[in-house]
Amino acid sequence: MTVHGRIAGSSNVTLLVSCRLGDRELLAVYKPARGERPLWDFPDGLHRREVAAYLLSEQLGWGLVPDTVTRHEAPLGPGSVQRYVDEDGTSHYFTLREDPAWGRPLITMAAFDVVANNADRKSGHVLLAEDRLWGIDNGLCFHDEPKLRTVIWDFAGAPLPEDLAADLAGLLHTGLDDRIEALLEGDEAPALLERTARLVEEGCLPVPDEGGRWPPYPWPLV
Ligand SMILES: Nc1ncnc2c1ncn2[C@@H]1O[C@H](COP(=O)(O)OP(=O)(O)O)[C@@H](O)[C@H]1O
Ligand SMILES: [Mg+2]
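Under my numbering, the first residue of the sequence shown is numbered 24, with each subsequent residue one higher.
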C-alpha cells in the first residue's frame with residue numbers, strides 16, 4: 024500500500040492510497056484506527072463498522088458499499104480499506120433526489136441506513152459512480168441505541184418494496200454473517216436483527232422522530 028495523502032475536509036485521518044497486488048493496482052480509501060477522533064456518543068472502532076457495513080450490504084445483496092476490508096498491516100497500522108469509486112464530484116443526495124430514476128436505489132439506501140442505524144448519512148456520503156449509487160462513510164453505524172441521523176427522509180412512511188422486505192426476511196432467516204458479528208460488540212448484533220425485524224414487520228420506512236433528544240439529521244447536511 025502506498026499513501027498518496029490525506030483527503031481534505033475529512034474529520035478523521037482518511038487517506039487516499041494505492042494498493043498493489045502483482046501488477047494490479049487499485050485506488051482506495053484507508054482509515055487507520057489510530058487516526059480516529061474519539062467520539063463521546065460512539066464506541067471506538069469506526070474502521071470495524073466501515074467493514075461491517077460493507078458486509079451487511081453484501082449479505083443483503085444490495086451492493087451499496089464499495090468493497091471494504093480490514094488491513095492489519097498497513098503504513099499507519101490496522102484500519103479499513105475501501106475501494107475508491109471514481110465519482111463525478113458534483114452529485115450528492117440533494118441533486119440525485121431530483122431525478123426519479125434514482126428513487127429506487129435511494130429507497131434501498133434509506134432501508135439500509137435504518138437497519139444499520141446510520142448516524143451520519145450526509146448528502147455527500149451518497150456518491151454517483153459507475154452508473155450507480157454508493158453509500159460511503161459508514162463508520163457511525165450499528166450503535167445499539169436508536170441513532171438514525173440521515174438526510175434521506177423523502178421516503179418517510181413509504182411502503183418498503185417487497186423485494187427489499189424479502190431480502191431482510193432472508194437475513195433474519197439465515198442469521199448474520201459471522202464476520203459481521205465478530206466486528207460488532209455488546210448488544211449491537213441483536214439490536215441490528217431487532218431493527219431488521221421491525222422494519223419488515225412495519226412494512227414501511229420510518230418517519231423522523233421529531234421529538235427525540237437529537238435532530239434526526241446529521242450536521243452539516245452535505
Ligand atoms: N470509497 C470512496 N470512493 C470515492 N471517494 C471517497 C470514498 N470514500 C471517501 N471518499 C471521499 O473522501 C471524503 C472523506 O471520506 P469520508 O469517508 O467521508 O471520511 P471521514 O470519516 O473522515 O468523514 C468523502 O467525502 C469522499 O469525497
Ligand atoms: Mg465524511
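Even glycine gets a Cβ: it sits at the ideal position worked out from N, Cα and C.
Since the structure is predicted, the reported quantities are computational estimates derived from the model, not experimental observations.
Quick check on the DSSP output: the beta strand (DSSP E) that includes residue i runs from which residue to which?
i	result
glutamate 208	Element bounds for glutamate 208: n/a, residue is neither H nor E.
leucine 39	38 to 44
valine 26	25 to 29
valine 92	91 to 94
So residue i and residue j are in contact, right, with Cβ under 8 Å, and what is the actual spacing, rounded?
i	j	result
histidine 166	alanine 142	6 Å
leucine 216	leucine 195	7 Å
asparagine 161	glutamate 59	The pair is not a contact, with the Cβ atoms about 14 Å apart (cut-off 8 Å).
leucine 191	valine 138	7 Å
valine 245	histidine 115	6 Å
alanine 189	leucine 228	No, alanine 189 and leucine 228 are not in contact; Cβ-Cβ is about 16 Å, not under 8 Å.
alanine 31	valine 104	That belief does not hold up - the Cβ atoms of alanine 31 and valine 104 are roughly 19 Å apart, past 8 Å.
valine 88	alanine 76	5 Å
arginine 202	leucine 78	6 Å
Which residues share a DSSP beta bridge with residue i?
i	result
proline 231	In DSSP, proline 231 forms no bridge with anything.
lysine 54	Ser103
leucine 62	Phe65
leucine 49	Cys42
| request: Output the residue ranges of the alpha helix (DSSP H) runs that lie fully inside the segment 105 to 139 and measure 4 residues or longer, sorted by chain position. | output: 116 to 119 and 126 to 139
| task | List in chain order: all unbroken alpha helix (DSSP H) runs of 4+ residues lying wholly within the segment 144 to 204. | result | 185 to 197
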